[in-house]
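Please read the structure below before turning to the comments.
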Amino acid sequence: MKEKEKVIEAALFMAPSALNVQELQGVLGEEHYSMAKKAAFDFMNEFNKRDSALQVVQIEDSFQMRLRPEYEGRVQHLAAKAMFHPGIMKTLALIAFKQPISQSLVIKYRNNKAYDHIHRLVEDGFVAREPKGRSFTLRTTRKFLEQFGSPEEMGKK
1 MKEKEKVIEA
11 ALFMAPSALN
21 VQELQGVLGE
31 EHYSMAKKAA
41 FDFMNEFNKR
51 DSALQVVQIE
61 DSFQMRLRPE
71 YEGRVQHLAA
81 KAMFHPGIMK
91 TLALIAFKQP
101 ISQSLVIKYR
111 NNKAYDHIHR
121 LVEDGFVARE
131 PKGRSFTLRT
141 TRKFLEQFGS
151 PEEMGKK
């Protein structure tokens, strides 16, 4: 493995969330954005050929190392406690699977406590809220993708 690949692997392993190409460019000491992006993309392709429980995924212009979905269920209990209580997670799941969805519809399906859930999810950066008429349209953010993956991937777990 080349030195650049080792540095990318170390950076992705240590990062708590996805690293964008500019961050990788800085870690690599690479002068050109395009060269850093190519190095990250090449590393991802080579890494994902391994017979490993880990994978590297690209999320827009960022890269993240994470568990392959088929192994999450077996080791999930070893992870830190959930960041949200079950009520908030149910509200987040509804938003993720039905997005874009109006806030009023989320309240109708969940209950009035969903106002607090939505406020917390927006505050923590997992949900974006845009005005639409007398309500708001809700959708998940990039932070949600980095933390949980896409709703399609969630359905496979």
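Numbering (our numbering), first residue to last: 1 to 157.
The C-beta atom is built at its ideal place from N, Cα and C for all residues, glycine as well.
Keep in mind that this is a model prediction, so the values were computed, not measured.
To the nearest angstrom, how far is it from the Cα of Gln164 to the Cα of Gln64? The structure shown has nothing for residue 164, since the chain only spans 1 to 157.
Whose C-alpha, out of Leu138, Phe13, His85, is nearest the C-alpha of Phe97? When Leu138, Phe13, His85 are compared, the shortest CA-CA separation from Phe97 is found for Leu138.
To which residues of the same chain is Ser102 closer than 8 Å at the C-beta, ignoring the five residues directly before and after it? Excluding sequence neighbours, Ser102 sits near Lys132, Ser135, Phe136, Thr137, Leu138.
N-terminal and C-terminal residue of the beta strand (DSSP E) that Pro69 is part of: Note, Pro69: premise wrong, no beta strand (DSSP E); alpha helix (DSSP H) at 69-75.
Between which two residues does the alpha helix (DSSP H) carrying Pro16 extend? Where Pro16 is concerned, there is no enclosing alpha helix (DSSP H), given that its DSSP letter is neither H nor E.
Roughly how many whole angstroms lie between the Cα atoms of Asn112 and Ser34? Within the model, the alpha-carbon separation for Asn112 versus Ser34 is close to 48 Å.
Go ahead and pull the three-state DSSP assignment for Lys108. The answer is helix: DSSP assigns Lys108 an H, G or I state.
Measure the C-alpha to C-alpha separation of Glu30 and Leu121 and round it to an integer number of angstroms. Approximately 36 Å, taken between the alpha carbons.
Expected contact under 8 Å - CB spacing of Ser62 and Ala18 to nearest Å: About 4 Å separates the two Cβ atoms, so the contact holds.
On the criterion of 16 or more Cβ atoms from any shown chain inside 10 Å, does Glu3 qualify as buried, or is it exposed? So Glu3 counts as exposed.
For His77, count neighbouring C-beta atoms within 10 Å of its own C-beta (all shown protein chains included) and say buried if the count is 16 or more, exposed if not. Exposure of His77 is indicated by the presence of fewer than 16 other C-beta atoms within 10 angstroms of its C-beta.
Status (buried if at least 16 other CB within 10 Å, exposed otherwise) for Lys157: Here the model assigns Lys157 a pLDDT of 47, short of 50, so the residue's position is not dependable and the matter cannot be decided.
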